[in-house]
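Laid out in structure tokens, this is it:
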């Protein structure tokens, strides 16, 4: 084989390799799921302390975020909305029952956000179903779309359904990625029933 033919053979080999499905060179589905769960957990862990860096790093520039209130944010809005929770409010968000569907360089991760909140000394539980879509760009997984919805939560012992719904709604407002401020109480009431106002939507949650 002369030099010219050898070069043509090498070019054809590389061309054929380029046409192979990218999954042939990618991680297994289990490896992808572990990575995407870790990235999603990093985003959730950043909410309460108000760390915007993970959101800036993990979100794609063209990402779309739809929160549990139906509000739509782009990356810039989502990153700017990350602020520490108000004093007196702490919590954690755990990912449960994750499952990934991988399609080449795209993957959809679904699961449950299991959120525990301590609001002015009172304990609350809120559950969400989430669906995150990732795209692998230059070998790095980026979040391109995210949506979650609230699941009904059974009232705790001794609490009425109405009280539980009101408090759950309040906790959802606190968890919202939009900036929140705490308005003073105008009547004597449980501190957990204080009104929270989103500075982005200006909607009052009570």
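Numbering (the working numbering), first residue to last: 6 to 211. We treat Cβ as the ideally placed atom computed from N, Cα and C, and that holds for glycine. Quick caveat: nothing in here was measured; it's all calculated off a predicted structure.
Residue range 58-63 is occupied by the alpha helix (DSSP H) that includes residue 59. In this structure the region 107-117 touches the region 30-42; the number of beta carbon pairs closer than 8 Å is three or more.
C-alpha of residue 142 to C-alpha of residue 102: approximately 26 Å in a straight line. Around the beta carbon of residue 58, fewer than 16 other beta carbons lie within 10 angstroms, which makes this residue exposed. Shown here, residue 32 sits in coil according to DSSP, grouped into three states, outside any helix or strand.
Just so you know, the alpha carbons of residue 64 and residue 93 end up roughly 29 Å apart.
With contacts defined as CB atoms closer than 7 Å, residue 148 and residue 43 fail to qualify as a contacting pair.
Shown here, residue 155 sits in a strand according to DSSP, grouped into three states. In the three-state reduction of the DSSP assignment, residue 117 falls in the strand class, which pools E and B. By the beta-carbon neighbour count (other beta carbons within 10 angstroms, threshold 16), residue 99 is exposed. Beta-bridge analysis with DSSP links residue 81 to no other residue.
DSSP places residue 89 outside both helix and strand once states are collapsed to three, so it counts as coil. Between the region 109-123 and the region 69-85, the count of Cβ pairs shorter than 8 Å is below three; the stretches do not touch.
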